[in-house]
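Structure first, commentary second.
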Amino acid sequence: MSLLRTTQSFNYGDDSKQSREVFGELTNTTKYMGSVSQRSERRIGCTKNHAGVRKRNATPVKTAQNTWRDIDSMHSDDPLMCSEYVDDIYTNLQKSEVVLYPLSDYIEKVQTDISSTMRGILVDWLVEVAEEYKLSDDTLFLSVLYLDRCLSIRTVARSRLQLLGITCMLVASKYEEIYAPQVDEFCYITDNTYTREDVLSMERIVLDSLNFDLTHPTTKTFLRRCLSAAESDVKVDFLAGFLSELALLEYTFLRYSQSTIAAASVSLALMTLGRSPWSKTLEHYTHMFPCDLRECVQALHTCHLAAQQSSLSAVREKYSQMKFKCVSLIKPVDSCAEYSA
């Protein structure tokens with residue numbers, strides 16, 4: 001594993017002018033965060049089984065004005081796909097996503113020593129760490145969700161923010177990965193700013209803050225369903241992933257639900273590639289209409305327009321690789337006319 005172990009001076013300055021000189025105001029971490037090398041409840045024809053669980057016998061509605069495609073019928077013979085129960089699963093996920101969701105204004109109401117800029121820089125660095133250790137996107141999204149949940153509950157000093165970030169990623173790795181990185185590897189990635197004991201102590205604080213409620217749907221959870229409903233190809237998949245990770249960097253996106261961000265990412269990706277941004281199938285499976293997505297799509301479009309000039313470059317650089325079809329280099333649409341008020 002190769003790391004660029006160069007020292008950086010982290011200086012925040014004005015929130016409106018994000019600098020890649022990360023964590024400059026952090027009194028004891030000035031030299032430690034070096035760059036990481038890039039490495040509805042609508043039911044159609046449902047019945048209940050003997051346990052009272054609703055089973056799918058869905059038949060696509062077909063009228064002159066309304067058509068949607070049953071995207072689960074092709075998996076009816078695969079028990080691993082749970083096609084009989086998938087509607088209930090995702091309906092339950094949409095209900096559960098609002099439980100234990102982070103505050104959308106915790107920086108103003110809870111935190112006294114950190115800013116949205118600091119959060120953005122930390123998340124940008126976590127994207128690099130996830131790439132370095134080849135962690136799944138699920139781990140990355142869950143890490144940021146744990147981070148925001150902890151920051152919604154406990155006041156954290158800026159000198160401990162990086163420690164909180166890597167510890168949230170450690171906990172998420174244990175939840176999602178088959179082979180999670182060891183504690184010492186997370187210490188190493190911070191240039192040994194923190195000891196093993198520091199991380200283990202913070203892990204207890206994180207788990208206590210989360211009340212050991214570690215299961216929570218993320219944007220990535222809903223993104224898979226949305227992409228399936230969109231009958232997407234790999235380019236749409238990667239572009240939607242890129243857009244959803246751009247949203248991770250922005251504190252202001254906490255005002256939107258995870259499922260809304262997922263649907264907005266898919267819609268904007270389709271629009272960017274010159275396709276219809278929404279369909280009856282997407283409407284049926286997400287239980288959302290274009291009017292529900294307007295604000296989120298417009299905010300996401302603003303992020304996309306600014307991405308090439310942003311000092312937070314980890315997501316952009318990640319998705320500029322050939323393995324992601326270089327989707328971060330695709331020119332954004334000039335405007336979201338379909339979502340204009």
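Using the UniProt record's numbering, read the sequence shown as starting at 1 and increasing by one per residue. Each residue gets a CB set at the ideal place from its N, CA and C atoms; glycine is no exception. Just so it is clear, the structure is predicted and the values come from calculations on it, not from any experiment.
Q: Find out if the Cβ-Cβ distance for the pair Thr218, Gln258 is shorter than 7 Å.
A: yes
Q. Quick check: the stretch 274–283 against the stretch 244–251, are there 3 or more CB pairs under 8 Å?
A. No, because fewer than three Cβ pairs between the stretch 274–283 and the stretch 244–251 fall closer than 8 Å, the two stretches do not touch.
Q.
Cutting at 7 Å between CB atoms, please list the residues of its own chain near Lys62, excluding the five before and the five after it.
A. Confidence in Lys62 is poor, its pLDDT being 44 and thus under 50, which makes the residue's placement too unreliable to answer from.
Q) Straight-line CA distance for Arg69 to Ser320? A) When rounded, the distance between both Cα atoms is 33 Å.
Q.
Short of 7 Å in beta carbon distance, which residues of its chain neighbour Leu249, apart from the five on each side in sequence? Order them along the chain.
A. Gly120, Val123, Asp124, Leu312 and Val315
(Q) Taking only three categories from DSSP, how would you classify His216? (A) coil
Q.
Could you check whether Thr260 and residue 343 sit closer than 7 Å to each other, using their CB atoms as the reference points?
A. Absent from the structure is residue 343, since the part of the chain shown begins at 1 and ends at 341.
Q | Three-state secondary structure (DSSP) of Ile178 | A | coil
Q: Answer yes or no: do residue 343 and Arg294 have a C-beta to C-beta separation smaller than 7 Å?
A: Lying before the first or after the last residue shown, residue 343 is absent from the chain, which here runs from 1 to 341.
**Q.** First and last residue of the uninterrupted alpha helix (DSSP H) at Pro290
**A.** Pro290 to Ala306
Q. Quick one: any contact between the stretch 101–119 and the stretch 186–193, if contact means 3 or more CB pairs under 8 Å?
A. With the cut-off at 8 Å, the stretch 101–119 and the stretch 186–193 do not touch.
Q) Could you give the distance in angstroms between the alpha-carbon of Asp334 and the alpha-carbon of Leu170? A) 39 Å
Q. Contact between the stretch 176–184 and the stretch 131–142: three or more CB pairs below 8 Å?
A. yes
Q: Report the option in Ile330, Ser276, Cys336 and Arg275 whose CA atom is closest to the CA atom of residue 344.
A: Outside the displayed span of the chain (1 to 341) sits residue 344, for which this structure offers no information.
Q: Mind checking which residues open and close the alpha helix (DSSP H) that includes Glu128?
A: Ser116 to Glu132
Q. In angstroms, rounded to a whole number, what distance separates the CA positions of Leu100 and Arg149?
A. 8 Å
Q: For the alpha helix (DSSP H) containing Tyr251, list its first residue and its last residue.
A: No alpha helix (DSSP H) holds Tyr251; DSSP gives it neither H nor E.
Q | CB contact flag (Leu270, Leu300, <7 Å) | A | no
Q) Rounded to whole angstroms, how far is the Cβ of Phe324 from the Cβ of Lys220, which I believe are closer than 8 Å? A) Phe324 to Lys220, Cβ: 15 Å. No contact.
Q) What number of angstroms, rounded off, separates the C-alpha of His284 from the C-alpha of Leu145? A) 27 Å
(Q) Using only the alpha-carbon positions, how far apart do Ile71 and Ser310 sit? (A) Ile71 and Ser310: Cα-Cα distance of roughly 38 Å.
**Q.** Beta-carbon contacts of Leu93 that lie in its chain and below 6 Å, excluding the five residues immediately before and after
**A.** These residues qualify, in order along the chain: Pro217.
Q: With a 10 Å radius around its C-beta and 16 neighbouring C-beta atoms as the bar for buried, classify Ala64 as buried or exposed.
A: Confidence in Ala64 is poor, its pLDDT being 34 and thus under 50, which makes the residue's placement too unreliable to answer from.
Q: Please list, in chain order, all residues of the same chain as Tyr90 whose beta carbon is under 7 Å from its beta carbon, the five residues on each side excluded.
A: Arg225
(Q) Residues in the same chain with beta-carbon distance under 7 Å from Thr167, minus the five sequence neighbours each way, listed in chain order, please. (A) Val199, Met202, Glu203 and Val206
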